[in-house]
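Quick notes on the structure that follows.
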Amino acid sequence: MTKSVTVLDYGSGNVHSVCKALTEAGANVTLTNNASNIYESDGLVVPGVGAFGSVMEKLKAHGADRLIDKRLTASRPVLGICVGMQVMFETGLEHGLEAQGLGQWPGTVKLLDAPRLPHIGWSKVEASSGSTLFNGVEQERFYFVHSYASVAWELDIRPPFIPAHLTWSNHGERFLAAVENGPLATTQFHPEKSGPAGLKLLSNWIESI
58 MTKSVTVLDY GSGNVHSVCK ALTEAGANVT LTNNASNIYE SDGLVVPGVG
108 AFGSVMEKLK AHGADRLIDK RLTASRPVLG ICVGMQVMFE TGLEHGLEAQ
158 GLGQWPGTVK LLDAPRLPHI GWSKVEASSG STLFNGVEQE RFYFVHSYAS
208 VAWELDIRPP FIPAHLTWSN HGERFLAAVE NGPLATTQFH PEKSGPAGLK
258 LLSNWIESI
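So in my numbering the end of the sequence shown lands on 266, straight run, no missing numbers.
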(Lines of atoms letter the chains of each structure in order from A; the text may use other names.)
(Lines give C-alpha, C1' and ligand atoms only; values in the text may rest on other atoms or scores of the structure.)
Protein backbone atom coordinates (compact mmCIF):
# COMPACT_ATOMS: atom_id res chain seq x y z
CA MET A 58 0.00 0.00 0.00
CA THR A 59 1.39 3.40 -1.02
CA LYS A 60 2.19 5.61 1.97
CA SER A 61 0.69 9.11 2.12
CA VAL A 62 3.18 11.91 2.80
CA THR A 63 2.33 15.56 3.39
CA VAL A 64 5.00 18.14 2.59
CA LEU A 65 4.35 21.12 4.83
CA ASP A 66 3.63 24.22 2.72
CA TYR A 67 4.39 27.23 4.92
CA GLY A 68 6.25 29.54 2.55
CA SER A 69 9.67 27.88 2.62
CA GLY A 70 11.53 27.39 -0.65
CA ASN A 71 12.54 24.16 -2.37
CA VAL A 72 9.25 22.36 -1.72
CA HIS A 73 8.63 21.20 -5.29
CA SER A 74 11.95 19.37 -5.57
CA VAL A 75 11.17 17.70 -2.24
CA CYS A 76 7.74 16.64 -3.51
CA LYS A 77 9.22 15.28 -6.74
CA ALA A 78 11.88 13.27 -4.90
CA LEU A 79 9.36 11.80 -2.45
CA THR A 80 7.11 10.79 -5.35
CA GLU A 81 10.06 9.13 -7.08
CA ALA A 82 10.85 7.36 -3.82
CA GLY A 83 7.38 5.81 -3.78
CA ALA A 84 5.10 8.07 -1.73
CA ASN A 85 1.71 9.56 -2.52
CA VAL A 86 2.61 13.21 -1.91
CA THR A 87 0.45 16.21 -1.00
CA LEU A 88 1.81 19.75 -0.64
CA THR A 89 -0.41 21.61 1.81
CA ASN A 90 -0.76 23.42 5.12
CA ASN A 91 -4.17 21.88 5.78
CA ALA A 92 -4.30 20.77 9.42
CA SER A 93 -6.20 17.56 8.67
CA ASN A 94 -3.68 16.47 6.05
CA ILE A 95 -0.75 17.37 8.28
CA TYR A 96 -2.03 15.22 11.13
CA GLU A 97 -3.63 12.31 9.30
CA SER A 98 -1.05 11.47 6.61
CA ASP A 99 1.32 8.56 7.21
CA GLY A 100 4.31 10.91 7.18
CA LEU A 101 4.96 14.65 7.41
CA VAL A 102 7.98 16.33 5.83
CA VAL A 103 9.11 19.72 7.14
CA PRO A 104 11.45 21.34 4.59
CA GLY A 105 13.40 24.46 5.43
CA VAL A 106 15.42 27.03 3.54
CA GLY A 107 16.76 30.31 4.92
CA ALA A 108 17.33 31.65 8.40
CA PHE A 109 16.30 29.79 11.56
CA GLY A 110 14.28 32.72 12.92
CA SER A 111 12.47 33.36 9.65
CA VAL A 112 11.49 29.72 9.30
CA MET A 113 10.16 29.69 12.86
CA GLU A 114 8.08 32.81 12.20
CA LYS A 115 6.50 31.18 9.14
CA LEU A 116 5.82 27.92 10.98
CA LYS A 117 4.10 29.76 13.83
CA ALA A 118 2.11 31.93 11.42
CA HIS A 119 0.57 28.76 9.98
CA GLY A 120 0.12 27.08 13.38
CA ALA A 121 2.50 24.40 12.17
CA ASP A 122 4.52 24.42 15.39
CA ARG A 123 1.49 23.05 17.27
CA LEU A 124 0.63 20.55 14.53
CA ILE A 125 4.17 19.16 14.43
CA ASP A 126 4.14 18.76 18.21
CA LYS A 127 0.71 17.10 18.06
CA ARG A 128 1.97 14.55 15.51
CA LEU A 129 5.10 13.74 17.48
CA THR A 130 3.18 13.43 20.76
CA ALA A 131 1.05 10.81 19.02
CA SER A 132 4.21 9.06 17.66
CA ARG A 133 3.32 9.93 14.06
CA PRO A 134 6.43 10.15 11.81
CA VAL A 135 7.97 13.49 10.88
CA LEU A 136 11.03 14.14 8.68
CA GLY A 137 12.80 17.52 8.92
CA ILE A 138 15.18 18.64 6.16
CA CYS A 139 17.97 21.26 6.47
CA VAL A 140 16.52 24.18 8.49
CA GLY A 141 13.59 21.81 9.06
CA MET A 142 16.09 19.83 11.14
CA GLN A 143 17.59 22.84 12.87
CA VAL A 144 14.28 24.18 14.20
CA MET A 145 13.67 20.92 16.07
CA PHE A 146 16.26 22.12 18.60
CA GLU A 147 15.55 24.61 21.39
CA THR A 148 17.54 27.57 20.11
CA GLY A 149 19.11 28.99 16.97
CA LEU A 150 21.88 31.61 16.96
CA GLU A 151 22.09 33.52 13.66
CA HIS A 152 23.50 36.95 12.87
CA GLY A 153 23.85 37.73 16.57
CA LEU A 154 20.20 36.96 17.23
CA GLU A 155 18.76 34.15 19.33
CA ALA A 156 15.55 32.52 18.13
CA GLN A 157 13.48 29.91 19.90
CA GLY A 158 12.98 26.65 18.01
CA LEU A 159 10.35 23.96 18.34
CA GLY A 160 12.16 22.49 21.34
CA GLN A 161 11.72 18.83 20.44
CA TRP A 162 15.36 18.39 21.44
CA PRO A 163 17.59 20.37 23.81
CA GLY A 164 20.52 22.20 22.27
CA THR A 165 21.57 25.11 20.11
CA VAL A 166 22.16 25.53 16.38
CA LYS A 167 25.16 27.78 15.75
CA LEU A 168 27.52 29.02 13.04
CA LEU A 169 30.03 26.34 12.11
CA ASP A 170 33.65 27.05 12.99
CA ALA A 171 35.02 26.52 9.48
CA PRO A 172 37.48 28.36 7.20
CA ARG A 173 34.92 28.57 4.41
CA LEU A 174 31.17 29.10 4.68
CA PRO A 175 28.61 28.22 3.59
CA HIS A 176 29.34 24.51 3.43
CA ILE A 177 28.17 23.70 -0.09
CA GLY A 178 28.67 20.39 -1.82
CA TRP A 179 28.92 16.64 -1.39
CA SER A 180 30.21 15.24 1.91
CA LYS A 181 30.48 11.81 3.46
CA VAL A 182 28.71 11.02 6.70
CA GLU A 183 29.42 8.77 9.67
CA ALA A 184 26.16 6.83 9.72
CA SER A 185 24.94 5.41 13.01
CA SER A 186 25.06 1.64 13.33
CA GLY A 187 21.55 0.29 12.93
CA SER A 188 20.29 3.41 11.16
CA THR A 189 17.07 2.98 9.19
CA LEU A 190 17.62 6.07 7.02
CA PHE A 191 21.10 5.09 5.88
CA ASN A 192 20.47 1.39 5.31
CA GLY A 193 22.29 0.62 2.05
CA VAL A 194 23.81 4.11 1.66
CA GLU A 195 26.17 4.22 4.64
CA GLN A 196 29.20 4.97 2.45
CA GLU A 197 27.57 7.49 0.12
CA ARG A 198 27.98 11.26 -0.11
CA PHE A 199 25.10 13.69 0.42
CA TYR A 200 24.54 17.27 -0.69
CA PHE A 201 24.84 20.01 1.94
CA VAL A 202 24.05 23.74 1.73
CA HIS A 203 24.36 25.38 5.14
CA SER A 204 26.44 27.52 7.46
CA TYR A 205 24.76 26.56 10.74
CA ALA A 206 24.35 23.23 12.50
CA SER A 207 24.13 21.48 15.84
CA VAL A 208 27.56 20.28 16.98
CA ALA A 209 26.42 18.42 20.11
CA TRP A 210 23.68 16.02 21.16
CA GLU A 211 22.31 16.93 24.58
CA LEU A 212 19.30 14.64 24.95
CA ASP A 213 20.10 12.05 27.62
CA ILE A 214 18.10 8.91 26.77
CA ARG A 215 18.54 5.94 29.10
CA PRO A 216 17.10 2.39 29.16
CA PRO A 217 14.40 1.25 28.80
CA PHE A 218 14.07 4.07 26.24
CA ILE A 219 15.87 3.58 22.93
CA PRO A 220 18.79 5.97 22.27
CA ALA A 221 18.67 8.12 19.16
CA HIS A 222 20.64 7.16 16.06
CA LEU A 223 23.09 10.01 15.41
CA THR A 224 24.86 10.50 12.08
CA TRP A 225 27.74 12.97 11.86
CA SER A 226 29.66 14.85 9.18
CA ASN A 227 32.53 17.33 9.25
CA HIS A 228 33.13 20.81 7.87
CA GLY A 229 35.59 22.70 10.01
CA GLU A 230 34.15 20.84 12.97
CA ARG A 231 32.03 17.77 13.56
CA PHE A 232 28.29 18.39 13.31
CA LEU A 233 25.07 16.40 13.28
CA ALA A 234 24.17 15.37 9.73
CA ALA A 235 21.07 13.38 10.72
CA VAL A 236 19.12 12.26 13.76
CA GLU A 237 16.64 9.39 14.12
CA ASN A 238 14.79 9.68 17.42
CA GLY A 239 11.53 7.72 17.63
CA PRO A 240 8.96 9.23 15.23
CA LEU A 241 11.21 12.22 14.48
CA ALA A 242 13.93 11.91 11.83
CA THR A 243 15.96 14.77 10.38
CA THR A 244 18.75 15.45 7.90
CA GLN A 245 20.97 18.53 7.72
CA PHE A 246 21.70 17.74 4.05
CA HIS A 247 19.19 17.77 1.20
CA PRO A 248 18.21 14.20 0.26
CA GLU A 249 16.16 15.58 -2.64
CA LYS A 250 19.39 16.98 -4.13
CA SER A 251 21.53 13.95 -3.29
CA GLY A 252 20.88 11.80 -6.35
CA PRO A 253 20.27 8.04 -6.03
CA ALA A 254 21.61 7.96 -2.46
CA GLY A 255 19.10 10.63 -1.40
CA LEU A 256 16.23 8.79 -3.10
CA LYS A 257 17.23 5.57 -1.32
CA LEU A 258 17.28 7.41 2.02
CA LEU A 259 13.80 8.85 1.36
CA SER A 260 12.58 5.41 0.30
CA ASN A 261 13.96 3.95 3.55
CA TRP A 262 12.05 6.57 5.53
CA ILE A 263 8.82 6.03 3.58
CA GLU A 264 9.02 2.27 4.13
CA SER A 265 9.51 2.83 7.86
CA ILE A 266 6.42 4.97 8.46
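All C-beta atoms in this analysis are idealised placements derived from N, C-alpha and C, irrespective of residue type, glycine included.
Contacting residues, own chain, Cβ-Cβ under 6 Å from residue i (five flanking each side not counted)
| i | result |
| --- | --- |
| G70 | V106 |
Beta-carbon proximity list for residue i, same chain, < 8 Å, skipping 5 on both sides
| i | result |
| --- | --- |
| L155 | Per the sequence shown, residue 155 should be read as Glu rather than Leu. Closer than 8 Å at Cβ, skipping near neighbours: T148 and G149. |
| P175 | V202, H203 and S204 |
| D126 | L159 and Q161 |
Residues near residue i by beta carbon distance below 7 Å, same chain, minus five either side
| i | result |
| --- | --- |
| E81 | L256 |
| A78 | P248, E249, G255, L256 and L259 |
| L273 | Because the chain in this structure spans residues 58 to 266, residue 273 falls outside the shown range and cannot be described. |
For residue j and residue i, believed in contact at Cβ under 8 Å, the rounded distance
| i | j | result |
| --- | --- | --- |
| G141 | T243 | 7 Å |
| V112 | V144 | 6 Å |
| N98 | T63 | The question names Asn, but residue 98 in the sequence shown is Ser. Confirmed, about 4 Å. |
Exposure of residue i, with buried meaning 16 or more beta-carbon neighbours within 10 Å
| i | result |
| --- | --- |
| G120 | exposed |
| R173 | exposed |
| E237 | buried |
| P134 | buried |
| S93 | exposed |
| R128 | buried |
| Q245 | buried |
| G193 | exposed |
| H152 | exposed |
| L190 | buried |
Check whether the segment 148–163 and the segment 179–191 touch, using three or more Cβ-Cβ pairs below 8 Å as the test. no
Given 8 Å as the limit, is there contact between the segment 88–108 and the segment 217–233, that is, 3 or more CB pairs closer than that? no
Extract the residue ranges of the beta strand (DSSP E) inside the segment 68–113, only unbroken runs of 3 or more that lie entirely within it. 85–89 and 100–103
Quick one: complete alpha helix (DSSP H) runs, 4+ long, within the segment 115–175? 121–130 and 140–143
In chain order, what are the residue ranges of uninterrupted beta strand (DSSP E) at least 3 long that sit wholly in the segment 209–263? 222–228, 230–238 and 241–244
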